[in-house]
Amino acid sequence: MAVYGNIGPFDNTVESFEDYADRCDAFIVANDIAEARQANFFLAMVGADTFKLLKTSESESVADFIVRLKNLATHCDFNAFLLEALRDRLVSGLHTRFVKTQTQLLSTADLTFEKAKTKCLADEMAGIATREHIDAGSSGPQSQNSSQNQTRTGGHRNHSVSTSYRPMEDGEPNVSSSNKDTNEQYVDSVNTDESDLHYGLYHTLSGVKTNKPYLITLVVGDTNVPITMEIDTRCGSFHHFEHVYKSSLAHYPIKDTNITLRGYSGEKVPVIGSIVVTAKYGGSSCRMDLLVVKGSRPSLFGRDHLSKIKLDWENIFVVSEPKPAKVGIQNLGNPVSPTLENLLSQNQKIFSSREMGIKGFSARLRVKAKSRPKYQKSRPVPYSLLSKVENEYEKLIKNDIVTQVNYSEWASPVVHVQKGNGEIRVCGDYKALNDCIEDEGYKLPNTNDLFAKLAQGGTHPKVFSVLDLSGAFNQLFLDDESARLLVMNTHKGLLSPKRLCYGVKTAPAIFQETMDKILSGLDNVFCYIDDILIATENENSHLKALEAVFARLNMHNVRLNGTKCQFMKSKIRYLGHELTSEGVSPLQDKIEAIQKAPRPTNVSELKSFLGMVNYYGKFVRNLSSQMQPLYALLQHNINWVWSDDCEQAFVNAKNALASNQVLTHFDPNKPLVLSVDASPCGLGAVLGHRYPDGSDRPIAYASRTLSQTEKNYAQIEKEALAIIFGIKKFHLYLYGTNFTLITDHQPLTKIFGPKHGIPALAAARMQRWAVLLSAYQYNIEYRSSAKNANADLLSRLPVGEASSGDPEEYFVFETVLMETPITATEISKHTDKDPVLAKVLEFTLSGWPNHCVDPAIQPYFTRRDELSLEDGCLIWGRRVIIPSKLHELILSELHECHPGMSRMKALARCYVWWPGLDKDIEDKVRLCTQCIQVQKAPNPEPLLLWPWATQPWQRVHIDYAEVKGQNFLLVVDSHSKWLEVLPMNTTTSTATINVVRTLFARYGLPIQLVSDNGPQFRSEEFQNFLKSNGVDHTLTPPYHPATNGLAERNVQTFKNAFAKSSGETLGHKVANVLFTLRNTPNTTTGKTPSELFLKRSPRTRLSLVKPSLQRKVEKRQDAAKQQRDRSSSVRQFDLYQPVRVRNVRGGKDRWIPGTIVKVKGPRTYIVRIPGNNRRFVHSDHLIPDDTGANAMAGKPNINSPMDADVVPVPVNVPQTTRELGQSSNLDQPGPSTTSPVVSGSPVHTGQTPVVVAESPAPSATVTRSGRVVRPPKRLEI
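At position 863 of the sequence shown (counting the first as 1) the number is 876 in the numbering used here, and the numbers step up by one without a gap.
Here you go:
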């Protein structure tokens, strides 16, 4: 077969490898080489010398060489041979300066890639340390003398020591710095001459581009201060920067030094001096010179001291995964407490701007009644900004800050503000919307009240911290209805923001209310919009307060701006005041603009000064007479001569304007007025109160000069700048309140008017300022310059320094940086560095052993037959095995949107695995505060019953109920369920005790009383009352009404019955309800409460429906009586009447004669029969005896002793219910009645009258003839 062309081996001196590869491709196509043979062909043709090219260069570090090897290996299909190939290429590719290391590696048995890598990296730095040690021992007196009168240059003139100063990155902590490719500047050449070994420059880190600096910690000084230093052998000296010296070593005196330091670019680094300190590291220590250098960078450990302090190189150069950089936090107290550092490191999340958004709260805007939706058209965008604006829209949508909508009744135009770096900021113009929004009822805190709370305990706090919230309003999400109100109309359609926007007038009050709720219940913590103040008496309590605040902020995902936070300071500025352990004092800068105002140099400036004096002159007595020397200079024929009298008058006027006679204290209840003015050289602003008489009194003054750039502004921009200056200066007073803004430039009343939209054609600077002003509630007024004299003076005689740029800008939207998703490339990278997975990877490639004793490898050993490798990632089945460093990030990704434990496990089983994954998921969900907040309540515990009370009133349950504003006290007996309801006018402890005391007097003292945790029940007064009466008081757990279920059930029962009850009065309704409940059988006991409590059944109206046994018996008795009375007659006998008595004792006479001597009852008598015998006889055994002899025999015989005892007795005749003709209601027995019967008078019983004799009164006497003699009735007057 013919061969077309000739390739030959690769020669790097003739052509590049890319050209050689192109020729190989052409050769393969021309000769139609099969794909299976192409690799073999290439390896055969490339030549053996090509493989030798893959080695470290003179300037390349071992770390970079390893990275290069791994990157090249990703394109090769080494599979199980990967680690072995990397090992061989690393050892054979070492530079000639690593000959000794290479020899040692080649002689090492069982050499692995990991061992070779560690050995090479350590020897790279250890070799430099060895050379330094040799250099230090060989230096002689000559070299020392030669360096005395010259700059420290390593023994050679005109060669300065180079030190590496790395620029700090934004947000990076001040403990370390990271090299960036664009900022690394190294020494161009290295002099390897033997004469240069004493102070030669060594590239220990030459070419190493790593994100992790090599750090050590030395214990320095007599106070054993630990200081973290960065090893930099390019630096010959050992020095600290000024901030380290001031915070830890300020007690050491600084000595002068002639050493000069220069950076890489040749700039001179200022040296303050040197100090002599003792440094300790490990087990070694020595005294050494330490240079103090200006600046705030990390301390450097130079090569000069490597021979004095033995470093642990093996641990220093261990390759490990760098930790994420801490968020930049400044303004820490000095010295920094280790506990504070630990607390801040544990709460780094709240200082991050990623995933920012308050959870658990949302902003809600309320529209005024009868307000009609306002839909404003979009504004045109300049063609030059069109692409940038559209890119910003896409960025906002992508970061989930705004969302596109198709329709909205409300829409506000957009202002596109171009920032200094060329980017576009999107701002909504909500001036028209603000007129339709209801003001919030939640007011901002009163600063006076806030400061008064600082000393409530009688002592002033001594430790202060101020936390600044990042983005403020942008952290608070909007509810759906409010988001519709804030829709922005753009040329690309409608955009609806998801977060509260700057420029909405109610935003401060809404955000204040949200923060107050988040921080509620925390002691020593105060919040004013986005500034949180923590003030405590000592550091321990301060750290606890900080920890509590961080916990709340973490719970609700509130983020802080670490660069603006201040921690654990003894003196701090807050809300325009200075807070110290001595108390609260106003800042002096309020009057600094007046006190430091320069003296006038011409008539125009003097007129401005006198105009302000006259403006406030009415508040100072005799001020005009004191100003006479100044008024004299205004005369036309007087030369300008500033005399001592003028100076004295000028000073007196300034003192008067800054005195209490003119100045007034800030009062949040009084209207605020901000007067501003601009002159060609400065800005002035006066904040004051407007009083009912129309006068203004100043609270504070402010002024500053214009910068050279600002002096070139147009006059309208200068006047606008004065407004912004005043707004910024007095922001703490003005924000969230309605104030009056006064300017002497009338066009600004239209441009900045609160009811006018932001002009689309205004300059970008004016648009930006208009957006800033849209967040304030104000009315703007025009006042001529002559009437605006108070601000005019401050602008013409400014004292403040010029601003370095535009005023601070406020942003409507702050971009939220989202976490970058984890890719297979990152997993592969971390798999190589993971100590466990690196072994698993090696076993998977080269084969597994028969036994495994390492418990960390055991989970993988059991799955060894199911493990595979794909693109450097370990795969188990279809699930990627995640390195330990990425576990938390993967868990966070799985936990996105908080799907719950089961769904997280199901999702994880589709993608990832590591040992203990299920347990980690369970812990993640169990410890997630957001998941806890929405977690359902657990299943209730098994029912635990109260022991049944065996006696009435043994245990009572008590509770309060409210029905339509009326309070009732309910008391329930546990034994009988007997209910007492008592209306209460007040629910105080005293009123409760009075009612309970009455119940105790009525029913006795219970053994136990059960109640909830109401204040009247927990009061000491109520507790003492029960204790003094021997009653055991049991309180139920808070918010668990089931424990006091008997009382709670009766409360509901009473409320329902009371609502349905009919009655004219409150007492009538309660009586009806109680009567029904007490006489209704209880479902638990089966009996009525009355039966168990009263031991009887009360009579009710329903009792009438039951048949009556009494009525049945009486009815039958009446029937028997009527049957009996048909053959009977009523017989009555008088006293001494002759009668015949039936002989029932035997004898020949059936009827025996006798005389009635005593009436015993209605039907019974005492009869005297012959033989002076007396017999007790019923009327049925008597018949009248009408014979004359018998009648005479009936006369009383006074001579007979028997007759003397015969005395008439009164007889009470009982009358039955039927005889009296009472009601048929037989269940209620009527009262028994008795009627005294007068002798001879009939007794009416409903039938035949009966005559009953009446016995004489005790004072009556009986004569011989039997006549009864009674005393005469006398009239008693």
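For every residue, glycine included, the Cβ atom is placed at its ideal position computed from N, Cα and C. Note that the structure is predicted; figures quoted are calculated from it, not measured.
If we ignore side chains and look at the alpha-carbon of each, how far apart do residue 844 and residue 87 end up?
-> Straight-line Cα distance between these residues: approximately 14 Å.
Check the DSSP bridge columns for residue 531 and list the partner residues they point to.
-> Residue 531 pairs with nothing; no bridge assigned.
State the Cα-Cα distance for the pair residue 901 and residue 438, rounded to the nearest angstrom.
-> Approximately 35 Å, taken between the alpha carbons.
Return the CA-CA distance between residue 998 and residue 979, expressed in angstroms with no decimal places.
-> So the two alpha carbons sit approximately 8 Å from each other.
Extent of the continuous beta strand (DSSP E) run through residue 476 = It spans 476 to 481 - the beta strand (DSSP E) in which residue 476 sits, taken as one unbroken run.
Around the Cβ of residue 863, are there at least 16 other Cβ atoms within 10 angstroms (buried) or fewer (exposed)?
-> Label assigned to residue 863: exposed.
Return the residue from the list 615, 135, 708 and 1119 that minimises the CA-CA distance to residue 648.
-> With respect to the C-alpha of residue 648, the residue from 615, 135, 708 and 1119 having the closest C-alpha is 615.
Outcome for residue 945 when other beta-carbon atoms lying within 10 angstroms are tallied against a minimum of 16 = By the neighbour-count criterion, in which 16 or more other beta carbons inside 10 Å mark a residue as buried, residue 945 falls on the exposed side.
Cα-Cα, which of 1039, 1154 and 36 is closest to residue 969?
-> For residue 969, the nearest C-alpha among the options comes from 1039.
Reducing DSSP to helix, strand and coil, say where residue 1219 ends up.
-> Any reading at residue 1219 is ruled out, since the residue's pLDDT is 42, under 50, leaving its predicted position unreliable.
Anyone know if the C-beta pair for residue 555 and residue 531 falls short of 8 Å?
-> In this structure, residue 531 does not lie closer than 8 Å to residue 555 by Cβ.
Opposing strand residues paired with residue 68 [DSSP bridges] | In DSSP, residue 68 forms no bridge with anything.
Residue 765, buried or exposed, once every other Cβ within 10 Å from all chains shown has been counted against 16 = Buried.
According to DSSP, what are the bridge partners of residue 751?
-> Bridge partners of residue 751 according to DSSP: 790.
If you follow the beta strand (DSSP E) that residue 716 is part of, which residue opens it and which one closes it?
-> Where residue 716 is concerned, the enclosing beta strand (DSSP E) stretches over 709 to 718.
Validate contact between the segment 883 to 898 and the segment 919 to 926 using beta carbons, cut 8 Å, 3 pairs = With the cut-off at 8 Å, the segment 883 to 898 and the segment 919 to 926 touch.
Do you know how far the Cα of residue 1087 is from the Cα of residue 1189?
-> Whole-angstrom Cα-Cα distance: 58 Å.
Secondary structure at residue 157, three-state DSSP: helix, strand or coil?
-> Because the pLDDT of residue 157 is 38, which lies under 50, any placement of that residue in the model is unreliable, and the number read from its coordinates should be weighed accordingly. DSSP places residue 157 in helix when its eight states are reduced to three.
Terminal residues of the alpha helix (DSSP H) in which residue 640 lies = Note, residue 640: premise wrong, no alpha helix (DSSP H); not H, not E.
Can you tell which of 293, 514 and 386 has the C-alpha that lies nearest to the C-alpha of residue 242?
-> Checked all of 293, 514 and 386; the closest Cα to residue 242 is 293.
Thinking C-alpha only, which one of 1192, 1128 and 552 is nearest residue 1152?
-> Distances from the alpha-carbon of residue 1152 to those of 1192, 1128 and 552 put 1192 closest.
Separation of residue 1159 from residue 1180, as counted between CA atoms = Between residue 1180 and residue 1159, the alpha-carbon positions lie close to 18 Å from each other.
Which runs of the alpha helix (DSSP H) spanning at least 4 residues fall entirely within the segment 426 to 464, listed in chain order?
-> Counting only runs of 4 or more, we get 444 to 447.
Out of curiosity, what's the CA-to-CA distance linking residue 1098 and residue 958?
-> Rounded to whole angstroms, residue 1098 and residue 958 show a C-alpha spacing of 15 Å.
Please confirm if the segment 439 to 459 is in contact with the segment 561 to 580, defined as three or more CB-CB distances below 8 Å between the two stretches.
-> Flag = no, the segment 439 to 459 and the segment 561 to 580 do not touch.
Can you grab the Cα-Cα spacing for the pair residue 878 / residue 857, in whole Å?
-> Cα-Cα distance, rounded: 9 Å.
Residue 738: first and last residue of the uninterrupted alpha helix (DSSP H) it sits in | It spans 728 to 742 - the alpha helix (DSSP H) in which residue 738 sits, taken as one unbroken run.
Using three-state DSSP, classify residue 518 as helix, strand or coil.
-> If DSSP states are grouped into helix, strand and coil, residue 518 belongs with coil.
Mind checking residue 288: buried by the 16 CB within 10 Å criterion, or exposed?
-> Buried, by the Cβ-count rule.
Go through its chain and collect everything with a Cβ distance to residue 323's Cβ below 8 Å, but skip five positions before and after it.
-> Same-chain partners within the cutoff: 294, 295 and 297.
Residue 880 to residue 888, Cα distance in whole Å?
-> The straight-line gap separating the alpha-carbon atoms of residue 880 and residue 888 is approximately 6 Å.
Around the C-beta of residue 579, are 16 or more other C-beta atoms found within 10 angstroms, so that it is buried, or is it exposed?
-> The C-beta of residue 579 has 16 or more other C-beta atoms within 10 Å across all chains shown, which makes the residue buried.
Through-space distance from residue 1027 to residue 561, alpha-carbon basis = Roughly 29 Å between the two C-alpha positions.
Just curious, the beta strand (DSSP E) that residue 986 is in, first and last residue?
-> Residue 986 -> beta strand (DSSP E) spans 979 to 986.
Of the residues 444, 731, 715 and 67, which one's Cα is nearest the Cα of residue 778?
-> When only C-alpha atoms are compared, the closest one is 731.
Using alpha carbons as the reference points, say which of 521, 707, 795 and 50 lies closest to residue 763.
-> Closest by alpha carbon: 795.
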